[in-house]
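The structure under discussion appears below in the form of structure tokens.
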Amino acid sequence: MPNTATRSGPDAPPPAPPPAEAAARRPAASQLQRRGARLGWLFASPALLVIAAVLLFPIVFSVVMSFSNVDVTGSGIHLSGTTTGNYGILFDSPRWRHALYFTVLYTIGTVVVEIVLGTAIALVLERLKTGRGWMMALLLMPWAMITVISAQLWAYIYNGVYGVLNSVLHPLIGHDVNVLGTPVEAAVAMAAADIWKTTPFVAIIVLAGLVMLPGDIVEAARIDGASAWTTFWQVRLPLLRPTLAIAVMFRILQAFGLFDLPFVLTNGGPGTSTESLAVLGYRVLFTDLKFGPGAAVATSTAVLVLLGCLLFLKVFRAQVGTEEN
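Numbering (the UniProt record's numbering), first residue to last: 1 to 325.
See below:
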């Protein structure tokens, strides 16, 4: 029979407190936690108030302005009444529809290319045994560069008279090349500049995901005779989906709010061919001084980004749940 005698000596566990004493400790601990939570909110309140003033108030005011009749006077802007006419003007505008089409197409194209290139670069960096830190530092230089500065550099490269690209291609084709002068070439050139800048960001995120993958699963696949290509597609890539989802989410948010690159590089041109929703909203607000429709552009863009992110997360969660089952 097992020994049920009470252990004694230095190795014996401490005796359990009586039920009444344990019950008395729980309210004291809960009260201490509540006090710590209140103290934490007290210390965080100044930062939260600044965030609310800088971030939340402009958002709320923009939404209110998009549903109001806005009059521009010498003393500022005046809101009067409630209306949905700003959104009626917006949805009937072919310029807004073109900006929406361009922004969606640009976002999908650049994000797909960046995910593919970033994953490939991350796989190469993972295999590096020496010099990985230097390569990562060099890789992050385009990402660390301010977008306005990088856009100016690419504008110099694309210039049709003295640009680097024109100097390379002119002897080959016999005439000057102005890629920013035609709609399709300008959109491709802008996408190339964006991909050059943001692919390192994706590569670093994917590299972090690759480093965190469990090595025993990959090793088991190799022992079973799976090739490197099969191991990547059937083992590593499914495990990388949460990491790739984070990268895609960040890039969708950044690409859909594209402003500084087209504003500096193409100014939305030629014509309005590379005009994004952010550039359109800026021009309607601050060039045309139509604050109601401009606020409607900003609000509708934010809603579209939110809906797109929620749809993406829903599809991603459904795929992960199916695989786990």
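C-beta: ideal position from N, C-alpha, C; glycine also.
If I'm right that residue i touches residue j with Cβ under 8 Å, what's the distance once you round it to whole angstroms?
i: residue 111; j: residue 252; result: 6 Å
i: residue 156; j: residue 180; result: Contact doesn't hold; Cβ gap of about 11 Å is too wide.
i: residue 160; j: residue 184; result: Incorrect: roughly 16 Å between the Cβ atoms, too far for contact.
i: residue 165; j: residue 296; result: About 39 Å separates the two Cβ atoms, so there is no contact after all.
i: residue 135; j: residue 125; result: 6 Å
i: residue 115; j: residue 244; result: 6 Å
i: residue 118; j: residue 247; result: 7 Å
i: residue 193; j: residue 229; result: In fact, because the Cβ distance is near 32 Å, the residues do not count as touching under 8 Å.
i: residue 240; j: residue 215; result: About 14 Å separates the two Cβ atoms, so there is no contact after all.
i: residue 98; j: residue 272; result: 6 Å
i: residue 113; j: residue 195; result: 5 Å
Do residue j and residue i come within 8 Å of each other at the CB atom, strictly closer than that value?
i: residue 186; j: residue 274; result: yes
i: residue 80; j: residue 68; result: yes
i: residue 250; j: residue 77; result: no
i: residue 260; j: residue 104; result: no
i: residue 265; j: residue 72; result: no
i: residue 102; j: residue 300; result: no
i: residue 142; j: residue 200; result: yes
i: residue 211; j: residue 235; result: no
i: residue 95; j: residue 306; result: no
i: residue 197; j: residue 150; result: yes
i: residue 270; j: residue 130; result: no
Evaluate residue i with the Cβ neighbour count: other Cβ atoms within 10 Å of its Cβ, from every protein chain shown; 16 or more gives buried, anything less gives exposed.
i: residue 267; result: exposed
i: residue 233; result: exposed
i: residue 65; result: buried
i: residue 162; result: exposed
i: residue 45; result: exposed
i: residue 43; result: exposed
i: residue 283; result: buried
i: residue 293; result: buried
i: residue 121; result: buried
i: residue 57; result: exposed
i: residue 84; result: exposed
i: residue 75; result: exposed
i: residue 223; result: exposed
i: residue 285; result: buried
i: residue 278; result: buried
i: residue 202; result: buried
i: residue 298; result: buried
i: residue 137; result: exposed
i: residue 189; result: buried
i: residue 313; result: exposed
What residue range does the alpha helix (DSSP H) around residue i cover?
i: residue 146; result: Taken as a continuous stretch (DSSP letters only), residue 146 belongs to no alpha helix (DSSP H), as it is neither H nor E.
i: residue 212; result: Careful: residue 212 lies outside any alpha helix (DSSP H) and carries neither H nor E.
i: residue 172; result: 164–173
i: residue 100; result: 94–127
i: residue 228; result: 228–231
i: residue 264; result: 260–265
i: residue 248; result: 237–256
i: residue 86; result: 85–91
i: residue 281; result: 277–282
Beta strand (DSSP E) containing residue i: first to last residue?
i: residue 79; result: 76–82
i: residue 68; result: 68–73
Given residue i, which residues of its chain have a CB within under 7 Å of its CB, disregarding the five upstream and five downstream residues?
i: residue 82; result: 67 and 68
i: residue 315; result: none
i: residue 207; result: 122, 125 and 126
i: residue 308; result: 252
Going along the chain, which residues of its own chain have a beta-carbon closer than 6 Å to the beta-carbon of residue i, five neighbours each way excluded?
i: residue 145; result: none
i: residue 52; result: none
i: residue 310; result: none
i: residue 140; result: 200
i: residue 4; result: Confidence at residue 4 is low in this model, with a pLDDT of 46, below 50, so the placement of that residue should be treated as unreliable; the coordinate-derived value is given next. Excluding sequence neighbours, residue 4 sits near nothing in its chain.
i: residue 40; result: none
Between residue i and the rest of its own chain, which residues show a CB-CB distance below 8 Å, the 5 nearest in sequence each way excluded?
i: residue 109; result: 191
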